[in-house]
Amino acid sequence: MLWKAGRTAIERREVCAVNSGEQELVPTDRILTVPNVLSIVRLLALPLFAYLLLVTHSDGWALALLMLSGFTDWLDGKLARVLGQTSRLGALLDPLVDRLYVVTTLVTFVARDFIPWWVAAVLIGRDLLLALTLPIYRRRGLPPPEVVYLGKAATFLLMFALPLILAGHGDWAIGPFTHAFGFAFLIWGTVLYVWTAVIYVLKAVDVARTHEVVPR
1 MLWKAGRTAI ERREVCAVNS GEQELVPTDR ILTVPNVLSI VRLLALPLFA
51 YLLLVTHSDG WALALLMLSG FTDWLDGKLA RVLGQTSRLG ALLDPLVDRL
101 YVVTTLVTFV ARDFIPWWVA AVLIGRDLLL ALTLPIYRRR GLPPPEVVYL
151 GKAATFLLMF ALPLILAGHG DWAIGPFTHA FGFAFLIWGT VLYVWTAVIY
201 VLKAVDVART HEVVPR
């Protein structure tokens with residue numbers, strides 16, 4: 001997410017458990033790492049995903065690509081920790097690709113009448129609103145707030161909902177069931193998304209009131 005991209009993951013140290021102890025992983029300036037390559041491949045596959053949905057209407061292939069993207073998203077984070085390949089580029093690239101996939105999926109779903117336009121408008125507008133709060137923290141020399149648990153839950157629900165909705169438009173017996181479950185997760189995730197937006201905005205307002213702007 002854009003919000004996730006603005007987090008201090010670029011600057012802070014990540015800790016992962018290794019055997020019985022803990023190993024500190026410091027983000028490096030390396031560019032050519034396995035996780036970064038996976039993120040770049042996901043990014044290059046994004047136009048193909050849109051083409052499959054909007055031009056050829058190959059929903060089955062689009063669904064497979066969407067699920068593969070979700071798997072590689074999990075895999076690159078796992079490999080970054082296991083291989084010790086955490087990088088500053090990866091801290092920016094991975095959430096950026098995530099957000100591009102979500103936005104592209106929402107826009108293409110609206111174009112295909114899979115979801116109401118207002119759902120996409122709310123979800124995209126929410127991220128734009130939170131992006132506008134980032135200068136409040138930056139001007140005061142503060143990092144953006146940590147992602148709250150409800151925000152993680154909302155993202156999980158949305159990432160689960162979109163493939164289910166797409167699968168619901170297939171010509172198979174379970175299509176109506178996956179479509180119904182997908183919409184349930186979509187609405188639930190959207191509500192949590194809006195709720196967490198209120199939390200983040202209130203935090204930003206509090207920071208603006210209680211912290212002085214740092215002179216440059």
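Read in order, the letters of the sequence shown correspond to residues 1 to 216 in my numbering. Glycine residues also receive a C-beta, built at the ideal position from the N, C-alpha and C atoms.
Discussion item. Once the 5 residues before and after Val97 are set aside, which same chain residues still bring their CB inside 6 Å of it?
Written reply: Ser39, Arg42, Leu43
Fill in: Candidates Ala64, Tyr193, Pro35: closest to Leu130 by CA position
Tyr193
Fill in: Boundaries of the alpha helix (DSSP H) in which Pro163 is found, first to last residue
149 to 167
Discussion item. Assuming Ile187 is part of the alpha helix (DSSP H), what are its boundary residues?
Written reply: 175 to 210
Worksheet item: Taking all protein chains shown into account, do 16 or more other C-beta atoms lie within 10 angstroms of the C-beta of Gly21, making it buried, or fewer, making it exposed?
Response: Confidence in Gly21 is poor, its pLDDT being 44 and thus under 50, which makes the residue's placement unreliable; the coordinate value appears in the next sentence. Result: exposed.
Discussion item. Please determine whether the Cβ atom of Ile174 lies at a distance below 7 Å from any heavy atom of the ligand MG.
Written reply: Looking at this structure, you won't find the ligand MG or any other ligand, since it has none at all.
Discussion item. Contact between the region 109 to 126 and the region 78 to 92 is defined here as three or more beta-carbon pairs at a separation below 8 Å; is this criterion met?
Written reply: Touching, no, given that fewer than three Cβ pairs across the two stretches are closer than 8 Å.
Item to complete: Could you spell out where the alpha helix (DSSP H) holding Leu53 opens and where it closes?
Response: 34 to 54
Practice prompt. State the Cα-Cα distance for the pair Glu212 and Arg140, rounded to the nearest angstrom.
Written response: 6 Å
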